[in-house]
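Here is the structure we will look at.
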Amino acid sequence: MATDGIFLDANENALGSVSDERANRYPDPYQREVKDALAKQKKVNPEQIFLGNGSDEAIDLLFRAFCIPGKDKVLTFPPTYGMYSVCAQLNDVEVLEVALSTSFQLNLKKVEQVLNPSIKMILICSPNNPSGNSIEKEKVIWLLNNFSGIVIIDEAYQDFSSDPSWVSAIDNYPNLVVLQTFSKAWGMAGLRLGVAMGNPEIISVLNRIKYPYNINQNTQQQALVALQNVEKKEQMVHTLLKERSSLVEALNSVSIVENVYPSDANFILIRIKNAQKIYEALLRKGIVVRNRSNLVGCTECVRITVGTTQENSILINALMEMG
Ligand SMILES: *Cc1c(COP(=O)(O)O)cnc(C)c1O
270 MATDGIFLDA NENALGSVSD ERANRYPDPY QREVKDALAK QKKVNPEQIF LGNGSDEAID
330 LLFRAFCIPG KDKVLTFPPT YGMYSVCAQL NDVEVLEVAL STSFQLNLKK VEQVLNPSIK
390 MILICSPNNP SGNSIEKEKV IWLLNNFSGI VIIDEAYQDF SSDPSWVSAI DNYPNLVVLQ
450 TFSKAWGMAG LRLGVAMGNP EIISVLNRIK YPYNINQNTQ QQALVALQNV EKKEQMVHTL
510 LKERSSLVEA LNSVSIVENV YPSDANFILI RIKNAQKIYE ALLRKGIVVR NRSNLVGCTE
570 CVRITVGTTQ ENSILINALM EMG
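The sequence shown begins at 270 in this note's numbering and counts up by one.
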């Protein structure tokens, strides 16, 4: 019998698994194959990659590694992804906030006023959730050059953007960490796989403090399959981008829709009359969107994920009837 060895070291079940799929061996804690494949595609070194149980794990570990609870602070730009402040609170790290402008861009004058040595990390989401736009490159560069802590750029929606990724900049900025995920464009949210890319010193800290087997065998296998099928991702992105422009056009023609914000993501933020009522009315029809009205700068705003042609047209018809 051909075998790689006789593994009697980890107290696994040598007979196999009760589940349908064979899973009796622990997965590779270093995720070497996945990292090699991903490194090739992203044109980085495997040592510049951390893989997490979703990018949410990477965010949490960055807080745990680089912020002292009760002392250090982070800077965020609302309205933005809720997980940043959730992780901050869990880790007893104070969040300083500088609201984005009315066009959801960085306000550097205000940033300059609040920057101080207790701030250890700045979290930028680009394209930004929930506004959908990309953050202007020049302003990010200013931050990278003028802030000595870690600048995290969350690119969960980068595949849908017309702007280039920041990944190619990690060699030039040792304080830059770029987050990406398999949850959106790759369509693998259920498998939980997030990526942090940055200089090897930061990445090695994350690798040392993670749980040893944070990426399970199934996820590693599926990620390898996916990485050999980039065309499929690109095809889906292409389709979703076409759907997005149709949806933008249709939303613009709905009378109760007051503003359709430009989107570089797979969702669209709209301002609509009586957002809460519309949200509830859609819910009664089985259409689930996200009411973002309570966020800074998002009064009467609803966030809509781009769906299939059919889903989008059902949504539009429902909104037309409500007008
Ligand atoms: C969806 C999303 C993520 C993805 O999180 P995962 O844990 O990788 O699923 C990260 N950041 C933002 C801004 C998101 O909207």
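Think of the CB as a built atom: it goes at the ideal place given N, C-alpha and C, for glycine as much as any other residue. Since the structure is predicted, the reported quantities are computational estimates derived from the model, not experimental observations.
Item, Value
"Does DSSP classify Leu-277 as helix, strand or coil?", "coil"
"What three-state label does DSSP hand Gln-449 in the structure shown?", "strand"
"Can Gly-467 be considered in contact with ligand 1, in the sense that its beta carbon sits closer than 7 angstroms to one or more heavy atoms?", "no"
"So the beta strand (DSSP E) Phe-346 belongs to, where does it begin and stop?", "Note, Phe-346: premise wrong, no beta strand (DSSP E); not H, not E."
"Going straight from the alpha carbon of Pro-348 to that of Pro-433, what length do you get?", "22 angstroms"
"Is Gly-592 buried or exposed, if buried means 16 or more other CB atoms sit within 10 Å of its CB?", "exposed"
"Does Cys-356 come out as helix, strand or coil in the three-state DSSP assignment?", "helix"
"Could you please give the first and the last residue of the uninterrupted beta strand (DSSP E) stretch that includes Thr-574?", "570–574"
"Inspect the beta-carbon positions of Val-367 and Val-380 and report whether they are closer than 8 angstroms.", "yes"
"Using the beta-carbon count (16 or more within 10 Å), is Val-313 buried or exposed?", "buried"
"So does the segment 407–423 actually touch the segment 324–336, counting three or more Cβ pairs closer than 8 angstroms?", "yes"
"Where do the N-terminal and C-terminal ends of the alpha helix (DSSP H) with Glu-590 fall, by residue?", "578–591"
"Determine, using beta carbons only, whether Ile-393 and Ile-404 come nearer to each other than 8 angstroms.", "yes"
"Would you please verify whether the beta carbon of Val-571 is less than 8 angstroms from any beta carbon of chain D?", "Among the chains in the structure shown there is no chain D, since it carries only a single protein chain."
"Identify which residue in Ala-306, Gly-459, Lys-311 and Leu-307 has its Cα closest to the Cα of Pro-438.", "For clarity, residue 438 is Ala in the given sequence; the question names Pro instead. Comparing Cα positions, the closest option is Lys-311."
"Indicate the three-state DSSP secondary structure (helix, strand or coil) for Gly-418 in the structure shown.", "coil"
"Any idea which residues DSSP pairs Arg-559 with across the strands?", "Arg-572"
"Take Leu-552 and list the residues in its own chain whose beta-carbon comes closer than 7 angstroms to its own, dropping the five residues that flank it on each side.", "none"
"Quick one: residues in its chain with C-beta nearer than 7 angstroms to the C-beta of Val-597, no 5 flanking neighbours on either side, listed in chain order?", "The requested residue 597 does not occur in the structure, where the chain is confined to residues 270 to 592."
"Closer than 7 angstroms: is that where the CB of Thr-345 sits relative to any heavy atom of ligand 1?", "no"
"Taking the alpha-carbon positions, what's the Val-474 to Ala-334 distance?", "7 angstroms"
"Would DSSP call Met-270 helix, strand or coil?", "Interpretation of Met-270 is limited by its pLDDT of 49, a score under 50 that renders its predicted location unreliable; the figure taken from the coordinates is listed afterwards. Residue state, collapsed to three classes: coil."
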